[in-house]
Amino acid sequence: MGIPVALYVPNLLGYARIMLALAGLHASIQHPWTAFSLWILSASLDLIDGILARALKQTSKFGVLLDIGADNILRSCVWVAAAVSNPAYLIPSTIILCLEWCTMLATQLHAEAHRSHWKNARQKDPIFIQAFFANNFRNPLGLLGIYGLFGGNILAYASSHTDLSEKLPCFGFFKYLAFAGRGIAMGIELWMCSDYLSLVLRQDAGLEEDTGQGHKKVS
């Protein structure tokens, strides 16, 4: 009898990432360095869970969903901590949180309609969007966007705690670079959400139909 999917090693790392994110949120008010370290560790584990999944042949749909969920939970925890630490981040944090979860929903539904991984379902996107995802984000635009996704919130939080901001090297440069990357990622997210909503509206209007393997125009 094989190992249950929920107990695959990469999925155990996913659970650990979520617990680390929540532990960091708990520590964020009184122990900034502890919170910062826990969040960095949680983000770092994201670099190896996919590698382990392929190496151990433990890939699964559940694992994909858990990985994306762990990413969003981590970023949500950090944005909440940033808003609690500095009310100036309250509105931006709320907007970003809503957009990230809407993007997760849109990409998963879009991928399900195409019966493929959400990254593989973007082959007809504009050049800018394809450039962002090219080579699994391993390109200047993609790397900057991913850095903004995971660095913008942590550095926003750190900016409200002098024991972090004054000890991290080149803090101002890396913070604004992360904010620029987050802006790029936000543009990608807005396009992906609007693209999926456009598809739904076309289907409702009878201009396109769901074939079970994507969608096609109705002549």
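If you use the working numbering, the sequence shown closes out at 220, no skipped numbers anywhere. Backbone N, C-alpha and C define an ideal beta-carbon position, used for all residues, glycine too. All figures in this text were calculated on a predicted structure; none of them were measured in a lab.
Of the listed residues Gly15, Gln31, Ala36, nearest to glycine 25 (C-alpha basis): The residue labelled residue 25 in the question sits at position 24 within the sequence shown. Selected option, being the one with the closest Cα: Ala36.
Simplified DSSP state of tyrosine 9, which is helix, strand or coil: The residue labelled residue 9 in the question sits at position 8 within the sequence shown. Three-state DSSP puts tyrosine 9 in coil, outside helix and strand.
Same chain only: Cβ atoms within 8 angstroms of glycine 51, ignoring 5 sequence neighbours per side: By one-based count along the sequence shown, residue 51 stands at place 50. Pro11, Asp68, listed in sequence order.
Own chain residues within Cβ distance below 6 angstroms of alanine 71, not counting five before or after: The residue you call residue 71 lines up with position 70 of the sequence shown. Excluding five sequence positions before and after alanine 71, the CB atoms of its chain that fall closer than 6 angstroms to its own CB belong to Gly15, Arg18, Ile19, given in chain order.
Cysteine 171 burial status per 10 Å Cβ neighbour count (16 or more: buried): As a first step, residue 171 must be located in the sequence shown, where it is residue number 170. Exposed is the call here.
Whole-number beta carbon distance between phenylalanine 129 and glycine 146, since they are thought to touch under 8 angstroms: For this step, residue 146 is matched to residue 145 along the sequence shown. For this step, residue 129 is matched to residue 128 along the sequence shown. Not confirmed; about 11 angstroms, so no contact.
Local Cβ density within 10 Å of lysine 125, reported as buried at 16 or more and exposed below that: Working through the sequence shown from its first residue, we reach residue 125 at position 124. When all chains shown are included, lysine 125 counts as exposed.
Three-way DSSP call (helix, strand, coil) for phenylalanine 1 in this model: Residue coverage of the chain in this structure runs from 2 to 220, which leaves residue 1 outside it and unanswerable.
Tryptophan 34 classed as buried or exposed, judged by whether at least 16 other C-beta atoms fall within 10 angstroms: Residue 34 sits at position 33 when you count from the first residue of the sequence shown. Counting the other Cβ atoms within 10 Å of the Cβ of tryptophan 34 gives fewer than 16, which makes it exposed.
Whole-angstrom distance between alanine 206 and alanine 28, CA atom to CA atom: As a position in the sequence shown, residue 28 is number 27, starting the count at 1. As a position in the sequence shown, residue 206 is number 205, starting the count at 1. In this model, alanine 28 and alanine 206 are separated by some 50 angstroms (Cα to Cα).
Under the three-state DSSP convention, the category lysine 176 falls into: Counting from 1 along the sequence shown, the entry for residue 176 is found at position 175. Assignment of lysine 176 by DSSP, reduced to helix, strand and coil, places it in the helix class.
First through last residue of the alpha helix (DSSP H) which encompasses serine 43: As a first step, residue 43 is located in the sequence shown; it is residue number 42 there, counting from the start. In the DSSP assignment, serine 43 falls within the unbroken alpha helix (DSSP H) covering 33–56.
Meets three-Cβ-pair contact criterion under 8 angstroms: the segment 187–201 and the segment 76–91: Touching, no.
Environment of arginine 1 [buried if 16+ CB atoms lie within 10 Å]: The chain is shown only over 2 to 220; residue 1 falls outside these bounds and no answer can be derived.
Buried or exposed (CB count within 10 angstroms, at least 16 for buried), serine 220: The count along the sequence shown starts at 1 and reaches residue 220 at position 219. Low local confidence applies: a pLDDT of 40 at serine 220 is under 50, so the model's placement there is unreliable, with the coordinate-based value given in what follows. Classification of serine 220: exposed, given that the 10 Å Cβ count is below 16.
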